[in-house]
Structure formats: C-alpha cells, structure tokens
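Worksheet: the structure to be examined is printed underneath.
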Amino acid sequence: MLGLTFAAPLALAALIGLPALWFLLRVTPPRPRRINFPPLKLVADLIPQRQTPARTPPWLLILRLLIAAALILAVAGPVWNAGGIGAGGGRSALLVLLDNGFPAAHDWRDRLRVATDAVEGAARDGRPVAVIGLADAPAAFEAKTPAAALERLRALAPRPILPARDAHLAAIETFLDKNRGAGLVWISDGVEGASDTRFAKGLADLAGDKGAALTILRADRPPALALTATENAGKLVTHALRAAPNGRDTGVIRALDQKGLPLAERDFAFAADATEAEATFELPVELRNSISRLEIAGERSAGAVVLQDERGKRRRVGLVFGGTLDQAQPLLAPTYYLARALQPFADVQEPRGAKGTAESINQLLDNQVSVLVLADVGALDEKTTARIESFVKEGGMLLRFAGPRLAAGNDPLVPVRLRRGGRTLGGTLSWDSPKTLAPFPPESPFAGLTPPADIGVRRQILAEPDGDLPNRTWASLQDGTPIVTAQKRGLGTIVLFHVTADTTWSNLPLSGLFIDMLRRVVALAGASAPAQGEAPRAAAPVLAPRVTLDGFGALGSPPASATAVSADYADRATMEHPPGFYGPPDGGISVNALKPDDRLKPLDTAALDGARFGSLAGAATVDLRPGLFTLALLLLALDTLAGLWLGGFLRRGGLASRLRGRPAALALAGAVLLASLPAFPVRAEEPAVNRPNGIESALVTRLAYVITGDAAVDEASRTGLTGLTQMLATRTALEPGEPAGIDPAKDELAFYPLIYWPIAPSRPQPSETAIRKIDAFMRNGGTVLFDTRDALTARPGGPPTPEAAYLRTMLATLEVPELEPVPLDHVLTKAFYLVDSFPGRYATGQTWVEALPPAAEGAERRPARAGDGVSPIIITGNDLAAAWAIDRRGEPLYPVVGGDQRQREMAFRGGVNIVMYTLTGNYKADQVHVPALLERLGQ
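Under the numbering used here, the first residue of the sequence shown is numbered 1492, with each subsequent residue one higher.
Okay, structure coming up:
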C-alpha cells in the first residue's frame, strides 16, 4: 500500500499540459539587447539581413517546467502517510479499533493522532469509517462518513479499566459481514486486557475469512505503568508494575491524604528486565490511616492510582490476657496467637509494666486503641467496667474470647446472656465428636468465607436462648449453637468468640480462617452495624458510587453508567463499577483498577502472524503541500533572477543605473516586495515593563490573558482586562498594573493570580508544554478563567458549541476538579460585592467553579460557604472581557446583550469579586464576617 495520497487527485491532470508548455516557452525569445550607435554607422552598415529570434535556453525551460510541476502537485494536495494507514483499499470501509483502557492513557495524544491520521486518510479515498473503543461497552456499529468518525474519535477518552476485548468480537464480525474486504486498523496499547483469551485469534480468523486487511499499530514497548498495594507485617507495600521493560526504570510513589496533600514519598526502581518493583511505606498509625490515595508521580492513569478506604486503614488493637504470669508465655498465652493473626493488618499493642488486668485495660484505653481484645478476662471492678462501657458507646470495639475465667464470671460486657459452666466434649452438655463450623449466614460479616472441614471445637460457652439470639449470631456450629455473637451498643460493638483464642478449646486459631475472621471484625471498628433487635442486614449491602476516577486518574462525578456495588466487593474495576469511592465517607469502600495480586502482561500477538505491524512513532502523516509551495516560490525567484540576467539588468550599468534617480520606481518595487511577504498575526505592542517576563510582573500585581492568535479576540481581552484593572483601582484598595498578554508555553505564569483564557475555536489547540504549565499553575494556587463566549449560541441539552468542544478537548488531560454552578452561598458571590450571577456581554450563560464539600450535618448555616482553597478553574460563556472592554476615554467598546440596564455594572462587580476571590481566598467565609453579611443580606 503506497504511502503517498492526494486530496485533489484530479488536479494532476494538469501535468499533461507540460509538453505544450515546453513548446510555448521555446519560441519565446529573451528581451532584445539595446545598443547605442551613431547615425553614420547606420548608413555605412545598412545591409539587409534576415534575423531570427533567439530561443529560450534549455536550462531555463527546465526551470520553468519544474515551477509548473511543483504548483500542480501542490494544488493536488499530496500527503505522505508513512504507514499507509487509512490509504488505499479502494472504496471499502475502514474500521479503527482503539484501545482506550487505562494502559493507553500515558500516550493518549499519540494514539488520537494516529487514529485521526487513519480517518483522514480514508476521507481522502472517500471511504466510510467506523471507530470503536475496545474498553467501551460492546454495541453494534456501522460505517459512517469520515466527518462523523472524527466526531466519534474526539468523544473517546481513556477508561479507568482494563479493556475486555473479547466482548467486541461479535460486533466486529457483524460489521465485516456487511463490509467485505474492509480495512482493519487496531491501535493497541500492548497490554493484555481483562478478557483477551480469544480476541487475537478471533480477530485474525475474522480478517482471513472476510478478506479484511489487518494493520496493528503499537508502541515499540508498552509504556504504561501501574500500581497495586498490600499489607505485609504492618507495612504498606506497593508494587509498581509494567508489562515489559520499557526504559522507564525509576520513579516515585506518593501517598496523599483526602485533600490531595502529600504525606510521604518512596522511590522505586525496576531491576534489569524486571516488570515489578516494590516500595514500602513504614509510617506511624496516624499518618498511615490518613492515606487516601497512592499514585505514581507523573503517571496520569487510573491504573497508577490505588485508593485506600476504611478497610485499608490500620486499627490500633490492644490485647489483654486475664491469665497468670506463668501462662503468659509464647505458644501458651492466647495473646501469642492473637498478635500474630492481627499483625498483618493492625497495629498491635500490649500493656507494659501494668500490674493487674484493670491497670492493663486502662493503659490501653489511654493509648486510644480502636479495638480492645480481652482474652479470657473474667470479672472486672465497677470503675473499669464503666470505662469500657463508655469506650464502646463512643464508637470503640470490644472483642472478647471465652475461657475458664469468663465461663465462671458474670459481667455485662457480653453480647448475649451466657449459660455458666460451658459445654465440653464428654461433659454433661456434650457431643460425641468435635463439631466444626456451619456455613456462615448471608447476613454475617463473615459471609463469603468458607470454613475448613478440619476445624474442630471441643468446648464452648453456650448462650441462653432468647428472641434476639438469631439476630446477634455471626457464626455457629453445625448443630446451630452460636460460636460468634455480637451486639451494637451506642456507637460501638461488642463481639464474643465462644471459644478461647488459643488451642485449648479448638484448633480455630491455627487456621487461616481465624485471620480472615479477625480481619473482618477489626475492619468494622468505627463502621455502622445493626442495632440491637433490628432485622438482619442484607447479604451484601449496596453502596452507591460517590466519586470515581477517570482514565487519567482524576477523581470526579460518577458517570451515568456507574452502578452500585456490594459492601464486600473485592474485584477489580469494570465498566459498571469504575474505580472510585462507594458509599458514605465514613463507611464506604474503594474500588481500584487492579486487584492487589494483579500483574500487567504483554499482549500475545502470536496468532496475528498474517497482520501488518507498525509503530505509533512511525505512522505520522506529513502534508507535502507547504514544501511544494515553498519549492515553487524559490524556483520562481530563481527564474526571475535568470530573466534579469538574460535581459542584461544584472550587468554593470544595468538595473541599478536605470533606477538611479527614479524614486517612484524604487517606491513601487518596495511596495511590491512588501506585498509579497506573508501575513503574520497582528499583536498589539506592549511597553517593555508590561511584557510577560518583565520586571513589572514580579513587582506589581497584574492580571493576564492568553494570546490566542486571533487579533479581534486578543484585542477584546486586552481592553477588557484594562477596564477591569481601572475598576479595581477605582473601587478597591488594589492598584494592579497593566494587564499582560502571555503565551503559556513560553512565559512564566507564577507572576499572575488570575489568567483569563478566551476560547477561539479557529485557533490550534495549545501545545503539550502549555497544558503542563497550566496544570502546574492551577496546582500551585493559581486560577484560570476560561470564557467560551458562546452563551448566545449554546443550547441546553443540545450538541456542544465549537467553543465548548474546543475547551473539552483542551481540558481532557488536565486534572480538573469536580465542578458545579456557582451556588448562591458561595464565597465568590460575597468576596467584595453581594452578587447572585456573573453576567458579561451575555447574561444567559452559566458560571462553573470547583464544587464545595457538602455542609456537615447539624453544622451552623453561614451566609458564605467555601472549600479548603480557591477554585483553580472558573468556566463561563458570558464573554466577560467584552463587557469590561473600554477605550481610551473610558467608553464601552462592545454592546451588551440583555434587557437589564445594569448588566455592564453587574459584570464589573462580578469581575471585581473574581479578582478579590483569587487574591484573598476564603476570608469572607470566616465567622468574623457573618454578622456583617447577615446585616447586608437583610437590607
């Protein structure tokens, strides 16, 4: 398949006329030479001679034919597609398969570029195109026009999951049945998906059976990195993963809290040819429990993020044994088995230097343990009992294990009434052989665990039967007698194992089930549980998605396709259950893109031996038109010089002497030369001190606007911010300098608190460098005001305007927080003036800011609410700069559209509020301002 295609191939027919041009140019003589001679010489040499005109030199003919050929080829629109992607194939359809799981997020722009080249190549050949994302939900599709395919391509984004490619085979087969001989282009991420057992072979078989040409484009080595995390011996162990060695051998893993603030960092390094690297976090429990997110720094992918929920937090567990000192020995004491079972997921503490059980309990409660474990502790004094009861009612968990002392005692710190004396093998209340555990009921926290058949219980403490006993039973023996019971008291829970924590009454402490049961019990510390006497919980409580990750690893609102998960969900994320936080903040769970034991594997393409492979880097499309036009221009200049030389104008006394003394001719030549120069975008000249990186930017507070390259838009931005600057100097204590026009890719942004960015859809998208600098600016406290200026043309529920589509594309790789329309009680509406909207030239557009956290239940209602910082992004469509724009005399430059006579005044007030908000933050939300705001609001 040739890589050279033409956008207008019919223009090549003009090449047929080159021979005719050759003959036409041959008979054209050069300019006659002018010779001065005296009249007598004319009379003396007057001899009739027949003269023929001189012919054009062959080299000049060839030069002019090359000019004509270059212009004809340039008009034909030649495009070189190095991989031939999308070119050729006649009029058959083209199907573009794009991997859009999280492994594709790292080089997503390159993948979009290659896919766009494929679609544009098909458009030049007049071929219909279909585009599907292999991480999207499978659905039937049809070939459409290349323009529709490009719209579909722009709507695609990385999904925060591994693609399940097998699910698309049926739809691909249906498409190929309708479009025999179609071309297939698979832009692969090179990583094995969630279900890929049949895809490679199935795709190869379909391509062979349907006569389709299959091309696979992929990176030379899969560049994606991913992250998993597990607990091991009290440490948080993270694993950086890659599918194959890819040159990215080192990196940093960051631990962040709920506000995104860094808590710790660890370096990791892959060994030679290794695909897994380990980094360990050893932190105090307080810091460890504050971790909400682990991420690979600089890797913008959902797979490089691990979210930590309540299950991942280490509880501080205190152990107390009620036996004597000689019993508190390794392999003898119950605390020996408990400590080793709890250490992988809890911070285990035992009393030191305490004398007696009561003093040990008080010491641990003073250390603020979350779970208090009492192993065979009998009667307690009233003071200690009262303190334990208070600990439980305030949200603590009391975990008790049976033993001779508990069997003989009588205290209220048990979930059920106990029958004194217990039940033993061979005793009065006996059974013939040790009993094992019955399957756990679906309402039990242990649901999903499987009791091993070799567990035997030789003795237990029996519970007195009553009406509440079934609701308080979490586990029982095969004969139905309870073995684990629990009761909710206040905000906490009391849990009782009716056997000992050592091996004297059962072999349960020697099993892996014991560790899993303790893990689930400890995980309930601080979580909600059924109250006494209420009905059993459902087997799997349903938790709705609260916030979810997108493909680039940014948290945001859940997509419409996200559904609730069960509280015991432990699988990797899927399309229906994207990674994120589910349920309430204090008792929810996290779902991650990968399970702790998942590993990335390279995609097996052995079955695709008949396919054509290409590289993402080598598939770039090159437009040859600029080069051909430039070549034609240079040859034309050379032809001009040759014509002047043949005419004698470049010899001594030639052109220079003829033009000497003729200023009009010189002026005309200069005008022609200036007219031939290419036009450049007009940019208003700024004083030296007002340039973006001038000294004035560091010494004076100034507003900035992004220079888009559209002269009209840039002039409106400049005059608009000039008007707002004058208004700030007149009405506030701020005296800002002249606004600065900046190029985000080149200029330093740290000087400016607020950057106004008008959206000009006719201009190219900003470069990756500009995007990264804007991202850093927003992370470091700056605010960018994006103005789409489309309030007049936008339709609610309709297709996005060109300005909105341009902004969506630009923000696709930025970490944009969750946004909401500015609420009436937002501090932005009261930063200086009391306003309820932010109009500009138009008043119908919506203004969006970072969503505020929900108000705490029962918290005092204030007239102004704020988050933890200033919103890094504000989006509006009201064309604010046009409303602020004024001329040198202070007169408005643009009319406002709306019926409110005070619209321009309200636009200035809104602008003042935005600037004061970015400079002063949330100070108007402080308690000290509440009386004044309430008084103003009451006027």
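Just so it is clear, CB atoms sit at the ideal spot from N, CA and C, and this is done for glycine as well.
Problem - Pairwise C-alpha distance: T2054 and P1933 - result: Position 442 of the sequence shown, counting from 1, holds the residue named residue 1933. Position 563 of the sequence shown, counting from 1, holds the residue named residue 2054. P1933 and T2054: Cα-Cα distance of roughly 22 Å.
Handout entry: Close beta carbons around L1697, own chain, < 8 Å, minus the five adjacent residues each side
Key = What you label residue 1697 is simply residue 206 of the sequence shown in a count that begins at 1. Counting only Cβ-Cβ distances below 8 Å, and skipping sequence neighbours, we find L1660, I1663, E1664, L1667, A1703.
Exercise for the section: Given a cut-off of 8 Å, decide if A1685 and A1655 are closer than it, judged by their beta-carbon atoms. Expected result: Counting from 1 along the sequence shown, the entry for residue 1655 is found at position 164. Counting from 1 along the sequence shown, the entry for residue 1685 is found at position 194. Yes.
Handout entry: Inter-residue Cα distance where the pair is P1800 and V2082
Key = Taking the first residue of the sequence shown as 1, we reach residue 1800 at position 309. Taking the first residue of the sequence shown as 1, we reach residue 2082 at position 591. At residue 1800 the sequence reads Asp, which differs from the Pro that was named. For D1800 and V2082, the distance between alpha carbons rounds to 9 Å.
Problem - As assigned by DSSP and simplified to three states, the class of A2179 - result: What you label residue 2179 is simply residue 688 of the sequence shown in a count that begins at 1. The predicted model places A2179 with a pLDDT of 44, which falls under 50 and marks its position as unreliable; any figure quoted below should be read in that light. It is helical.
Practice task
Mark D1700 as exposed unless 16 or more other C-beta atoms lie within 10 angstroms of its C-beta, in which case mark it buried.
Solution key: Taking the sequence shown and counting its residues from 1, one reaches residue 1700 at position 209. By the 10 Å Cβ count, D1700 comes out exposed.
Handout entry: Pairwise C-alpha distance: L2384 and P1510
Key = Residue 1510 sits at position 19 when you count from the first residue of the sequence shown. Residue 2384 sits at position 893 when you count from the first residue of the sequence shown. Straight-line Cα distance between these residues: approximately 59 Å.
Practice task
Since I believe T1766 is in contact with A1735 (beta carbons under 8 Å), could you give me their beta-carbon distance rounded to a whole number of angstroms?
Solution key: Locating residue 1735 in the sequence shown gives position 244, where the first residue counts as 1. Locating residue 1766 in the sequence shown gives position 275, where the first residue counts as 1. That belief holds up - the Cβ atoms of A1735 and T1766 are roughly 6 Å apart, short of 8 Å.
Problem - Span of the alpha helix (DSSP H), counted from its first residue to its last, around S1679 - result: Within the sequence shown, the letter at position 188 stands for residue 1679. Where S1679 is concerned, there is no enclosing alpha helix (DSSP H), given that its DSSP letter is neither H nor E.
Handout entry: Neighbour-count burial assignment, V2033, 16 or more Cβ in a 10 Å radius
Key = Residue mapping note: residue 2033 aligns to position 542 of the sequence shown, counting from 1. Under this definition V2033 is an exposed residue.
Problem - Contacts around A1631, its chain only, beta-carbon distance under 7 Å, and the 5 residues preceding and following it disregarded - result: Within the sequence shown, the letter at position 140 stands for residue 1631. Closer than 7 Å at Cβ, skipping near neighbours: A1662, T1665.
Handout entry: W2248 - partner residues in DSSP beta bridges
Key = On the sequence shown, position 757 is the one that residue 2248 refers to. DSSP, once it has assigned bridges, lists F2277 as partnering W2248.
Practice task
Give the C-beta separation of D1867 and A1893 to the nearest angstrom, bearing in mind that I take them to be a contact with Cβ-Cβ under 8 Å.
Solution key: As a working note, residue 1867 is residue 376 in the sequence shown. As a working note, residue 1893 is residue 402 in the sequence shown. Between A1893 and D1867 the Cβ distance is about 7 Å, and since that is below 8 Å, they are a contact.
Problem - Which of helix, strand or coil DSSP assigns to A1768 - result: The residue labelled residue 1768 in the question sits at position 277 within the sequence shown. Three-state DSSP puts A1768 in a strand.
Handout entry: I1507 classed as buried or exposed, judged by whether at least 16 other C-beta atoms fall within 10 angstroms
Key = For this step, residue 1507 is matched to residue 16 along the sequence shown. By the neighbour-count rule (16 or more Cβ atoms within 10 Å), I1507 is not buried but exposed.
Problem - R2103 versus D1601, A1695, R1689, G1617, residue with shortest Cα-Cα distance - result: Within the sequence shown, numbered from 1, the residue matching residue 2103 stands at position 612. Among D1601, A1695, R1689, G1617, the Cα nearest to that of R2103 is on A1695.
Practice task
Look at the alpha carbon of F1759 and the alpha carbon of A1768, and state the distance between them as a whole number of angstroms.
Solution key: Reading the sequence shown from its first residue, position 268 is the one you call residue 1759. Reading the sequence shown from its first residue, position 277 is the one you call residue 1768. Cα-Cα distance, rounded: 6 Å.
Handout entry: Proximity to A1762 [Cα-Cα], best of A1731, R1779, V1776
Key = For the purposes of this step, residue 1762 is identified with residue 271 of the sequence shown, where counting begins at 1. Per the Cα distances, A1731.
Practice task
Apply the 10 Å Cβ neighbour rule to S2258 and answer buried if 16 or more other Cβ atoms are within range, or exposed otherwise.
Solution key: Stepping through the sequence shown from its first residue, residue 2258 is reached at position 767. Classification for S2258: exposed.
Exercise for the section: Please determine, among P2314, P1956, D2114, L1727, the residue with the shortest C-alpha to C-alpha distance to T1608. Expected result: Reading the sequence shown from its first residue, position 117 is the one you call residue 1608. Sequence inspection shows Asp at residue 1608; the Thr mentioned does not correspond to that position. Considering only alpha carbons, the answer is D2114.
Exercise for the section: Report yes or no: do three or more beta-carbon pairs, one from the region 1998-2011 and one from the region 1954-1964, lie closer than 8 Å? Expected result: no
Handout entry: Span of the alpha helix (DSSP H), counted from its first residue to its last, around F2268
Key = What you label residue 2268 is simply residue 777 of the sequence shown in a count that begins at 1. Per DSSP, F2268 belongs to the alpha helix (DSSP H) from 2259-2270.
Practice task
Go to T2431, then tell me how far its alpha helix (DSSP H) extends in each direction, as first and last residue.
Solution key: The chain is shown from 1492 up to 2430; residue 2431 falls before or after that span and cannot be answered.
Problem - For R1709 and D1590, the rounded distance between their alpha carbons - result: Reading the sequence shown from its first residue, position 99 is the one you call residue 1590. Reading the sequence shown from its first residue, position 218 is the one you call residue 1709. Whole-angstrom Cα-Cα distance: 10 Å.
Handout entry: Cut-off 8 Å between Cβ atoms - residues of its own chain near A2097, not counting five sequence neighbours on either side
Key = Taking the first residue of the sequence shown as position 1, residue 2097 is located at position 606. So the list reads A1691, once near-sequence residues are dropped.
Exercise for the section: Using DSSP bridges, identify the partner residues of K1926. Expected result: The count along the sequence shown starts at 1 and reaches residue 1926 at position 435. DSSP output for K1926 lists V1948 as bridge partner(s).
Problem - Distance, A2061 Cα to A2035 Cα - result: Numbered from 1 along the sequence shown, position 544 holds the residue referred to as residue 2035. Numbered from 1 along the sequence shown, position 570 holds the residue referred to as residue 2061. In a straight line, the C-alpha of A2035 is about 15 Å away from that of A2061.
Exercise for the section: Can you grab the Cα-Cα spacing for the pair T2131 / L1501, in whole Å? Expected result: The sequence position of residue 2131 within the sequence shown is 640, counting from 1. The sequence position of residue 1501 within the sequence shown is 10, counting from 1. Roughly 30 Å between the two C-alpha positions.
Handout entry: alpha helix (DSSP H) segment containing L1589, residue limits
Key = Numbered from 1 along the sequence shown, position 98 holds the residue referred to as residue 1589. Taken as a continuous stretch (DSSP letters only), L1589 belongs to no alpha helix (DSSP H), being part of the beta strand (DSSP E) at 1585-1589.
Problem - M2407: first and last residue of the uninterrupted alpha helix (DSSP H) it sits in - result: The residue given as residue 2407 occupies position 916 in the sequence shown. It spans 2394-2411 - the alpha helix (DSSP H) in which M2407 sits, taken as one unbroken run.
Exercise for the section: On a CA-only basis, which of P1548, A1596, P2249, E1633 is nearest V1587? Give me that one, please. Expected result: Along the sequence shown, read from residue 1 onward, the residue named residue 1587 stands at position 96. With distances taken between Cα atoms, V1587 lies closest to E1633.
Handout entry: Cα-Cα separation between G1814 and P1651, rounded to whole angstroms
Key = Stepping through the sequence shown from its first residue, residue 1814 is reached at position 323. Stepping through the sequence shown from its first residue, residue 1651 is reached at position 160. The straight-line gap from Cα to Cα measures roughly 53 Å.
Handout entry: Three-state secondary structure (DSSP) of M2066
Key = Within the sequence shown, residue 2066 is the residue found at index 575, counting from 1. In the structure shown, M2066 sits in coil (DSSP, three-state: anything other than H, G, I, E or B).
Exercise for the section: Could you pull the start and end residues of the beta strand (DSSP E) that S1851 belongs to? Expected result: By 1-based counting over the sequence shown, the position of residue 1851 is 360. Not the beta strand (DSSP E): S1851 falls in the alpha helix (DSSP H), residues 1848-1857.
Handout entry: Beta-bridge pairing of Y2297 - partner residues as DSSP gives them
Key = Locating residue 2297 in the sequence shown gives position 806, counting from the first residue. Answer is none; Y2297 lacks a bridge partner.
Practice task
Tell me whether the beta-carbon of M2301 lies closer than 8 Å to the beta-carbon of I2364.
Solution key: Sequence index remark: in the sequence shown, residue 2301 carries index 810 (1-based). Sequence index remark: in the sequence shown, residue 2364 carries index 873 (1-based). Not in contact: M2301 and I2364 (Cβ atoms no closer than 8 Å).
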